[in-house]
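Engineer: Residue numbers (this note's numbering): -7 to 350. We treat Cβ as the ideally placed atom computed from N, Cα and C, and that holds for glycine. Source: prediction; values computed, not measured. Can you keep this structure in mind? I'll have questions shortly.
Following this line, the structure appears as structure tokens:
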């Protein structure tokens, strides 16, 4: 087993934004007669002492890092996200941003390996749709381009049995064009889950091995929209990370493309709410959204932007959908726990990695 370098141990702790006192406590390092817990950690971080396997496992868990990170030759570079399209919330944990950086670095390493493998095997194919458009070309032009090269049928998409199957249908269409689509929202365990407020999607633009990553912590009903949003970044030739808030021009454009792709404005104009009683309104929005395999939040937002509902009602619907999503997630987790062994780990991993990687 290769030796773990002390600078990696020091970097890992600092990157987790923990003081030595807090880290020693989380790692269950105890005071002894001769040395305090902090002194023991200092010895590990300075190279005076080597960590045991069990301590490395605890570091991996508490610092939210893959175990292999500790066997790197040097601390990984952090922060190269490409273009950062996000508008971050006022309050967010900096450790969540660190996890985003680590995830992106892992995806970049994967993408680099795939790219080199394709080239070495003489199987690379230069993809002409990467960077084909500019924002100035307009939403309609980009939508037409994507529909054409995906050979995409909106009716076939909508006829899928549920949102997850609709996402699978879209994903297969995109993967058939040699775009790698991954579902990943943590660093390997729920301890490192990354909320969608910090990261919803990431795209690596490359004309041989483009990668799209969807945060699977998000609602399944939102996956397809995020996938098309990131696909638009590829069409624009952009590498970068997207969040939950869309305040800049590029993000608004990608959202407009995804909106028009799944629900053309001309079709949406015909949708009218028949009853504004809150329960009836929620039911109408749900039925309309599900029939088109979009999220209720998306439909409610478009009604708000169109002026059909006011800000107060939009906020109320948002809160309702968020609470509903939390309830559904909790129910799903409980069901998985009650099953014999839960869903097969390898089946889940293959699904998350997609057909091109898995």
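Whose C-beta lies closer than 8 Å to the C-beta of residue 278 among residues of the same chain, with five residues either side of it excluded?
Structural biologist: Here residue 278 corresponds to residue number 286 of the chain shown, with the count starting at 1. These residues qualify, in order along the chain: 288.
Engineer: Going by DSSP, name the residue or residues bridged to residue 206.
Structural biologist: Walking along the chain shown from the start, residue 206 turns up at place 214. BP columns for residue 206 point to 175, 193.
Engineer: Tell me the DSSP secondary structure of residue 284 in three-state form.
Structural biologist: For this step, residue 284 is matched to residue 292 along the chain shown. Residue 284 falls in the coil class under three-state DSSP.
Engineer: Given a cut-off of 9 Å on the beta-carbon distance, is the pair residue 154 and residue 316 in contact?
Structural biologist: Indexing the chain shown from 1 puts residue 154 at position 162. Indexing the chain shown from 1 puts residue 316 at position 324. Going by C-beta atoms, residue 154 is not nearer than 9 Å to residue 316.
Engineer: So what's residue 111 in DSSP terms, helix, strand or just coil?
Structural biologist: In the chain shown, counting from the first residue as 1, residue 111 sits at position 119. Correct three-state label for residue 111: helix.
Engineer: Can you give me the Cβ contacts of residue 246 inside the same chain, cut-off strictly under 7 Å, excluding the 5 residues immediately before and after it?
Structural biologist: Translated into the one-based positions of the chain shown, residue 246 becomes position 254. Only 221, 224, 225 meet the Cβ criterion.
Engineer: Do three or more CB pairs link the region 92 to 103 to the region 167 to 179 at distances below 8 Å?
Structural biologist: The answer is yes - the region 167 to 179 touches the region 92 to 103, with three or more Cβ pairs under 8 Å.
Engineer: Helix, strand or coil for residue -4 per DSSP?
Structural biologist: Here residue -4 refers to the residue found at position 4 when the chain shown is read from its first residue. It is coil, neither helix nor strand.
Engineer: Got a sec, what are the start and stop residues for the alpha helix (DSSP H) residue 257 sits in?
Structural biologist: Looking up residue 257 in the chain shown gives position 265. 257 to 260 is the span of the alpha helix (DSSP H), which, as asked, contains residue 257.
Engineer: Please classify residue 202: is it buried, with 16 or more other beta-carbons within 10 angstroms of its beta-carbon, or exposed?
Structural biologist: By one-based count along the chain shown, residue 202 stands at place 210. When all chains shown are included, residue 202 counts as buried.
Engineer: Have a look at 300, 132, 183 and flag the residue whose alpha-carbon is nearest the alpha-carbon of residue 248.
Structural biologist: In the chain shown, residue 248 corresponds to position 256, counting from 1. Looking at the Cα atoms, 132 is the closest of the given residues.
Engineer: Rounded to whole angstroms, what's the CA-CA distance from residue 7 to residue 54? Just pull it up for me.
Structural biologist: Counting from one through the chain shown, the residue named residue 7 turns up at place 15. Counting from one through the chain shown, the residue named residue 54 turns up at place 62. Cα to Cα, the separation comes out at about 11 Å.
Engineer: Out of 152, 193, 293, 142, which has the shortest C-alpha to C-alpha gap to residue 400?
Structural biologist: The shown model of the chain, from -7 to 350, leaves out residue 400, and the question about it has no answer.
Engineer: Decide if residue 11 is buried, meaning its Cβ has at least 16 other Cβ atoms within 10 Å, or exposed.
Structural biologist: As a first step, residue 11 is located in the chain shown; it is residue number 19 there, counting from the start. That one is exposed.
Engineer: Please confirm whether residue 39 and residue 122 have their CB atoms less than 9 Å apart.
Structural biologist: For the purposes of this step, residue 39 is taken as residue 47 along the chain shown, with counting starting at 1. For the purposes of this step, residue 122 is taken as residue 130 along the chain shown, with counting starting at 1. No, these two residues do not count as a Cβ contact at 9 Å.
Engineer: Pop quiz: residue 191 and residue 165 are said to be a contact at Cβ under 8 Å. What is the actual Cβ separation, rounded to whole angstroms?
Structural biologist: The residue you call residue 191 lines up with position 199 of the chain shown. The residue you call residue 165 lines up with position 173 of the chain shown. About 24 Å separates the two Cβ atoms, so there is no contact after all.
Engineer: My output table needs one value for residue 147: the three-state DSSP class, helix, strand or coil.
Structural biologist: Taking the chain shown and counting its residues from 1, one reaches residue 147 at position 155. DSSP places residue 147 in helix when its eight states are reduced to three.
Engineer: Within the continuous alpha helix (DSSP H) that includes residue 13, where are the two ends?
Structural biologist: Here the question's residue 13 lines up with position 21 in the chain shown. First-last of the alpha helix (DSSP H) with residue 13: 12 to 18.
Engineer: Can you give me the start and stop residues for the alpha helix (DSSP H) that residue 56 sits inside?
Structural biologist: Mapped onto the chain shown, residue 56 falls at position 64. Looking at the DSSP string, residue 56 is not in any alpha helix (DSSP H), and its letter there is neither H nor E.
Engineer: Can the beta-carbon of residue 213 be found closer than 9 Å to that of residue 281?
Structural biologist: On the chain shown, residue 213 is found 221 positions in, with the first residue counted as 1. On the chain shown, residue 281 is found 289 positions in, with the first residue counted as 1. The answer is yes: Cβ separation under 9 Å.
Engineer: Do residue 119 and residue 200 have their beta-carbon atoms positioned less than 9 Å apart in this structure?
Structural biologist: As a working mapping, residue 200 is identified with position 208 in the chain shown. As a working mapping, residue 119 is identified with position 127 in the chain shown. For residue 200 and residue 119, yes; Cβs fall inside 9 Å.
Engineer: Who are the Cβ neighbours of residue 372 in its own chain at under 8 Å, not counting the five residues just before and after it?
Structural biologist: Outside the modelled stretch of the chain, which goes from -7 to 350, sits residue 372, for which no answer is possible.
Engineer: Answer yes or no: do residue 138 and residue 62 have a C-beta to C-beta separation smaller than 9 Å?
Structural biologist: The count along the chain shown starts at 1 and reaches residue 138 at position 146. The count along the chain shown starts at 1 and reaches residue 62 at position 70. No, the Cβ-Cβ distance between residue 138 and residue 62 is not below 9 Å.
Engineer: One question on the structure: do residue 27 and residue 35 come within less than 9 Å of each other, judged by their Cβ atoms?
Structural biologist: In the chain shown, counting from the first residue as 1, residue 27 sits at position 35. In the chain shown, counting from the first residue as 1, residue 35 sits at position 43. Yes, they are a contact pair.
Engineer: Would you tell me roughly how many angstroms separate the C-alpha atoms of residue 83 and residue 189, rounded to the nearest one?
Structural biologist: Position 91 of the chain shown holds residue 83. Position 197 of the chain shown holds residue 189. Confidence is the limiting factor: at residue 83 the pLDDT is only 49, short of 50, which leaves the residue's position unreliable, though a coordinate-based value still follows. Their backbone Cα atoms lie some 10 Å apart in a straight line.
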